[in-house]
Structures are given as structure tokens and as C-alpha cells.
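> In our numbering, the protein residues as written are 1 to 325. Sharing a structure below in C-alpha cells format, with a few things to ask.
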Ligand code: DON
């Protein structure tokens, strides 16, 4: 038992059979053959649709994994709550929300639309995340070069992940940038409406956004990130205080209402826990004060969420009382 504890594995021998249940849900979801792998860039289109992994990390650092949990994937939109968290932590809620709203957009994640104040609706959709990148670039240590800002951001991501494997996929970054007509359109549209604190560096802001999407990690690592959010900003592995609790509260609030694309309302209703999905098939799930979970499976439903990931969450709350209400 003690050696398991040192290896951060589950030591509660039968925590209501919790890990057994996770395994059962895993096998149940494995047979789900719905959805299509993202095809807008070749590197994602080549992903094996059978990949399926689930990792759990509790707020006291106990770990459990099943399936393809050590294969890296790009964070894509799962980077959005993280960049938003850094912005909140460094600039405070008031400054950040002068530039970006808190409302679900009710539209696709990349739709060319701003809210009635001419702000992007929220930081979990592309427009909002591009705007958050501009805040990181222009308002936090603006003297930093883009290279320095990349390191700064990656270091934050690493701290959230307890120092575990986190990399960068250059091929995906280059492809993202090539296939980014809509993100460029969003970038220019927001510049037209004076959304940015500094509009002189749009090209850099977009490159920075593509870089954040192209950060790479596996399920095990991202479960630690989710657990840091579940633990009020203190990483359960290193015990380092990475984020202020207020920043984490704001991130989780918007993950709850806006984290699952245009399925966010239904997900909040049926599953009732904050989550964020990404186009590579990852899903970050946060059960506040209990644990973080990451699931990864590339096939996506028509709204862009991982089919197996969503099914897993539904199975989870049908068995355990994790729905916030
Ligand atoms: O901006 C894009 O299109 C992708 N790199 C990120 C897409 C994604 O995961 C969808 N997000 N909400």
C-alpha cells in the first residue's frame, strides 16, 4: 500500500469500487463507434479513431489510468481555459472582462460573431481565446518577445501539469496556421471593432493562439491539470500554488456554461460538471474538491465533442452523484 502511495496510485482499496466503475465505463464507451475524426488538417485526420484513454487524478494526488493514456495529443481548445486562467491570475477578472464576455454564444465555436458590446462572447470559443492571447501578449510583461511569451505560457501549463510531459507539436502548429482562414477572419473582425488592447501585433497574437492549440500532452498529464483546477489552483502532485482560487472559480464557471461548444447547455443540464473539449478528441473534466479527469478519443460528434468522452461523463454521473445540483 505504501509503495502504491509513493507512486501516486489509488490506495483506497475499494473506494465504493470507484476504479472498477471507471473501468466498466471505459469498456462500455470503447464500443461506441460514432463520430468522425477532425479532418481540417492532415495531422489530425490521421489519428486512429480507436484511441481511447481515461485518466483520473484526485486532489490528494491518487492516480488511475486505463487505455491509451500515454499517447500525446495536441491540447487544441483545451488550452483555452488555461490561457484564460493565466490572464485572470495575472490581470484580475475586471481587466480581463473589459475585453471578453461571460455569455455562451449559442453559436459554433468559430463563428464570426461578437456580442452586443462588440466583445467576443466568452474565452472558451475561438474569438474569445484569440482575444485572451492578445491580453497575455500585450498586457502581461509586454516587453517579452513572442518566443519568451511562448516559454512563459508553456511554463505555466507545465506547472499546472505538475511538471509532467508537456511538449509542442510543430507540424500541427504549421498546419493550423495554414488552415486558419476563419481564425484570421475572426482576428481581423475583432481588430475592426477595436477589441484588442494593442492592435499593432495581430499576426503575433494569432501565431501565439496557434501555438497554444499546438501544445501537446497525454491523458495522464491532462488529468493532473484538471486536478489542479479541482484543487483550487494547487497542483496535487507538486503542492505548488499555481493559480489563485478566484481565478480557478472563474475558469470553472465558464467551463460549466461554455466549455462544450454548442452542447454546453445540455451538458451543464445532464452532466452538471465543468468540462472543456478540444478538436483532437480530448476532454478535461473537473469535479471541484474531488478530482480531475481527462478522456481522449479522436472521433467527434457533429458539435465537435468527443463521442466517447461525452458518453463517459454521462455514465459517470449516472452512477456517482457528481452533478453539482
Ligand atoms: O482554432 C482552431 O480551429 C483549432 N486549432 C482549435 C479548435 C478547437 O479545438 C475547437 N475549439 N473550440
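C-beta atoms are modelled at their ideal positions from N, C-alpha and C, and glycine is treated no differently.
Are at least three pairs of beta-carbons, each pair with one atom in the region 273-281 and one in the region 178-196, less than 8 angstroms apart?
No contact exists between the region 273-281 and the region 178-196.
> If residue 295 and residue 306 are in contact, beta carbons under 8 angstroms, what's the gap, nearest whole angstrom?
Here residue 295 is taken as the residue at index 295 of the chain shown, counted from 1. Here residue 306 is taken as the residue at index 306 of the chain shown, counted from 1. Confirmed, Cβ separation roughly 7 angstroms.
> Express the C-alpha separation of residue 268 and residue 256 in angstroms, rounding to a whole number.
In the chain shown, counting from the first residue as 1, residue 256 sits at position 256. In the chain shown, counting from the first residue as 1, residue 268 sits at position 268. One C-alpha to the other measures close to 6 angstroms.
> Hey, could you find the ends of the beta strand (DSSP E) residue 276 is sitting in?
For the purposes of this step, residue 276 is taken as residue 276 along the chain shown, with counting starting at 1. Start and end: 275-277.
> Taking residue 164 and residue 224 to be in contact with their CB atoms under 8 angstroms, please state how far apart those CB atoms are, rounded to whole angstroms.
For the purposes of this step, residue 164 is identified with residue 164 of the chain shown, where counting begins at 1. For the purposes of this step, residue 224 is identified with residue 224 of the chain shown, where counting begins at 1. Their Cβ separation, rounded to whole angstroms, is 6 angstroms, which keeps residue 164 and residue 224 in contact under 8 angstroms.
> Give the DSSP-derived three-state secondary structure of residue 296 in the structure shown.
Here the question's residue 296 lines up with position 296 in the chain shown. DSSP places residue 296 in strand when its eight states are reduced to three.
> Taking contact to mean 3 or more Cβ pairs, one atom from each stretch, closer than 8 angstroms, check whether the region 104-118 and the region 170-178 are in contact.
These segments do not touch.
> Between the C-alpha atoms of residue 100 and residue 265, what's the straight-line distance to the nearest angstrom?
By 1-based counting over the chain shown, the position of residue 100 is 100. By 1-based counting over the chain shown, the position of residue 265 is 265. Roughly 20 angstroms between the two C-alpha positions.
> Alpha carbon to alpha carbon, how far is residue 121 from residue 192?
Along the chain shown, read from residue 1 onward, the residue named residue 121 stands at position 121. Along the chain shown, read from residue 1 onward, the residue named residue 192 stands at position 192. If you take the alpha carbons of residue 121 and residue 192, they lie about 16 angstroms apart.
> Please list the terminal residues of the continuous beta strand (DSSP E) segment that includes residue 282.
Residue 282 sits at position 282 when you count from the first residue of the chain shown. Unbroken beta strand (DSSP E) run through residue 282: 282-287.
> Would the beta-carbon of residue 86 fall within 7 angstroms of that of residue 189?
Here residue 86 refers to the residue found at position 86 of the chain shown. Here residue 189 refers to the residue found at position 189 of the chain shown. It is not a contact, given that the beta carbons lie outside the stated cut-off.
> Nearer than 6 angstroms: is that true of the beta carbon of residue 176 relative to any heavy atom of the ligand DON?
Here residue 176 is taken as the residue at index 176 of the chain shown, counted from 1. Yes, the ligand DON has a heavy atom inside 6 angstroms of this Cβ.
> Is residue 251 close to the ligand DON? I mean its beta-carbon at under 6 angstroms from any heavy atom of the ligand.
Position 251 of the chain shown holds residue 251. Not under cutoff, so the answer is no.
> Label residue 17 either buried or exposed according to how many other C-beta atoms from any shown protein chain fall within 10 Å of its C-beta, with 16 as the threshold for buried.
Here residue 17 corresponds to residue number 17 of the chain shown, with the count starting at 1. Exposed, because fewer than 16 other Cβ atoms sit within 10 Å of the Cβ of residue 17.
> When you compare only the Cα positions, how much space is there between residue 318 and residue 311?
In the chain shown, counting from the first residue as 1, residue 318 sits at position 318. In the chain shown, counting from the first residue as 1, residue 311 sits at position 311. Rounded to whole angstroms, residue 318 to residue 311 spans 11 angstroms at the Cα level.
> In terms of alpha-carbon separation, which member of 42, 278, 33, 53 lies closest to residue 23?
Indexing the chain shown from 1 puts residue 23 at position 23. It is 53 whose Cα lies nearest to the Cα of residue 23.
> Short of 7 angstroms in beta carbon distance, which residues of its chain neighbour residue 39, apart from the five on each side in sequence? Order them along the chain.
Sequence index remark: in the chain shown, residue 39 carries index 39 (1-based). Correct list, in chain order: 45.
> So, helix, strand or coil for residue 47, using DSSP?
In the chain shown, the residue the question calls residue 47 occupies position 47. Note: residue 47 maps to coil in three-state DSSP.
> What number of angstroms, rounded off, separates the C-alpha of residue 331 from the C-alpha of residue 277?
What is shown of the chain runs 1 to 325, which leaves residue 331 out entirely.
> If we ignore side chains and look at the alpha-carbon of each, how far apart do residue 64 and residue 141 end up?
Here residue 64 refers to the residue found at position 64 when the chain shown is read from its first residue. Here residue 141 refers to the residue found at position 141 when the chain shown is read from its first residue. The alpha-carbon atoms of residue 64 and residue 141 are separated by roughly 38 angstroms.
> May I ask you to check if the CB of residue 183 is nearer than 6 angstroms to at least one heavy atom of the ligand ADP?
Looking for the ligand ADP in the displayed structure turns up nothing; the ligands present are the ligand DON.
> Starting from residue 41, trace the beta strand (DSSP E) both ways and give me its first and last residue.
The residue you call residue 41 lines up with position 41 of the chain shown. Careful: residue 41 lies outside any beta strand (DSSP E) and carries neither H nor E.
> State buried or exposed for residue 185, treating a residue as buried only when at least 16 other CB atoms are found within 10 Å of its CB.
The residue you call residue 185 lines up with position 185 of the chain shown. Exposed.
> What's the gap between the Cα of residue 27 and the Cα of residue 80?
Counting from one through the chain shown, the residue named residue 27 turns up at place 27. Counting from one through the chain shown, the residue named residue 80 turns up at place 80. Taking the straight line joining both Cα atoms gives about 29 angstroms.
> Going by other Cβ atoms of all chains shown within 10 Å of its Cβ, with 16 needed for buried, is residue 98 buried or exposed?
In the chain shown, counting from the first residue as 1, residue 98 sits at position 98. The residue in question, residue 98, is exposed, as its Cβ has fewer than 16 Cβ neighbours within 10 Å.
> Can you tell which of 316, 220, 242, 182 has its C-alpha closest to the C-alpha of residue 109?
As a working note, residue 109 is residue 109 in the chain shown. Nearest of 316, 220, 242, 182 to residue 109, Cα basis: 182.
> Which partner residues does residue 56 have in the DSSP bridge list?
As a position in the chain shown, residue 56 is number 56, starting the count at 1. Looking at the DSSP assignment, residue 56 forms a beta bridge with 64, 293.
> Is there at least one non-hydrogen atom of the ligand DON closer than 6 angstroms to the beta-carbon of residue 109?
By one-based count along the chain shown, residue 109 stands at place 109. It does: the Cβ of residue 109 is within 6 angstroms (strictly closer) of some heavy atom of the ligand DON.
> Check residue 153 in the structure and name its three-state DSSP category.
In the chain shown, residue 153 corresponds to position 153, counting from 1. Helix.
> Taking the alpha carbon of residue 129 as the point to measure from, which residue in 61, 76, 43 has its own alpha carbon closest?
Taking the chain shown and counting its residues from 1, the one referred to as residue 129 is at position 129. Comparing Cα positions, the closest option is 76.
> So, is residue 71 buried or exposed, given that buried needs 16 or more other C-beta atoms within 10 angstroms?
Position 71 of the chain shown, counting from 1, holds the residue named residue 71. Residue 71 should be labelled exposed.
> At 4 residues or longer, and completely inside the region 87-122: list those alpha helix (DSSP H) runs for me, N to C.
93-99, all fully within the region 87-122.
> Identify which residue in 243, 169, 292 has its Cα closest to the Cα of residue 221.
Here residue 221 corresponds to residue number 221 of the chain shown, with the count starting at 1. The shortest C-alpha separation from residue 221 is found at 292.
> Curious, which full-length beta strand (DSSP E) runs of at least 3 residues does the region 215-286 contain?
The qualifying runs are 215-217, 275-277.
> Going by the beta-carbon positions, is the gap between residue 226 and residue 286 smaller than 7 angstroms?
Sequence index remark: in the chain shown, residue 226 carries index 226 (1-based). Sequence index remark: in the chain shown, residue 286 carries index 286 (1-based). In contact: residue 226 and residue 286 (Cβ atoms closer than 7 angstroms).
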